[in-house]
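**Student:**
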Amino acid sequence: LLDAIVDCLRKEKRTLANCAATMRPWLYRARRHLFDNISIKHAHAFFAFLHAAPPSVAGNIKFLTLRLHEDHCLDLRVLVPALAKMPALDQLWIRHASSMAIPDAALASLPCIAQLAILVIDRSTSSAVELATLVALFPGVSDLYIEADCAFTGAATDALQEGLRAALEGAVRIRVVGE
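By the count of our numbering, the sequence shown reaches residue 213 at its end, each step adding exactly one.
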């Protein structure tokens, strides 16, 4: 009965926080809703929080938006291990990344994030190779959304889509949104 009450409050974040602080039995159920949809502006601060937080916090994140500062290089050596701590993660939005850096030597050591189903790249600039590398780290992705305001170096959008389709053997639906 208590779980049903907490579930009814899933959109009331302040009330959920109060419930979590009031009774320990409500804490675990409230966390499920408090941390299911996270939007991050400072990636390094979030990764530090995630490192220190109990596993039950990261285990409840289903939808993550990384809103990076303009011209921010997204270091996949930091991002991917952090995402591996989020077993419920289903959707990832990356906004304003100027590049997605990963040295070839580090690629083999990164874990694959199999559960991620939807990947959205928005207002970002990177190479087609970086995008293909990023998608390869998420073998469960079924939908890749590339916002039209992205700029990919080394390939036009049509060529990028065709190259990714060929590389991923049709396993991923690729949509360019906003054209």
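The beta carbon of each residue, even a glycine, is placed where N, CA and C say it ideally should be.
(1) Can you tell me whether DSSP reads R44 as helix, strand or coil?
(2) Just to confirm, is the Cβ distance from D41 to H67 under 9 angstroms?
(3) Which residues does DSSP list as the beta-bridge partners of N94?
(4) Which runs of the beta strand (DSSP E), 3 residues or longer, sit entirely within the stretch 51–128?
(5) Are three or more beta carbon pairs between the stretch 111–120 and the stretch 52–64 nearer than 8 angstroms?
(6) Using only the alpha-carbon positions, how far apart do L171 and V163 sit?
(7) Taking its Cβ as the centre, do 16 or more other Cβ atoms sit within 10 Å of S73, making it buried, or is it exposed?
(8) Smallest Cα separation from P121: which of F97, S133, H103 and L108?
(9) Compare the Cα-Cα distances from Q125 to each of L108, C53, V154 and L165 and report the closest residue.
(10) State buried or exposed for C146, treating a residue as buried only when at least 16 other CB atoms are found within 10 Å of its CB.
(11) To which residues does DSSP link A131 through a beta bridge?
(12) Is T167 near M134, with beta carbons less than 9 angstroms apart?
(13) Would you grab the beta carbon distance between A92 and L84 for me? Rounded to a whole angstrom, and I think it's under 8 angstroms.
**Tutor:** In short, the structure shows the following:
(1) coil
(2) yes
(3) For N94, which the question treats as bridged, DSSP gives no partner whatsoever.
(4) 71–74 and 97–109
(5) no
(6) 13 angstroms
(7) exposed
(8) F97
(9) V154
(10) exposed
(11) H106
(12) yes
(13) 6 angstroms
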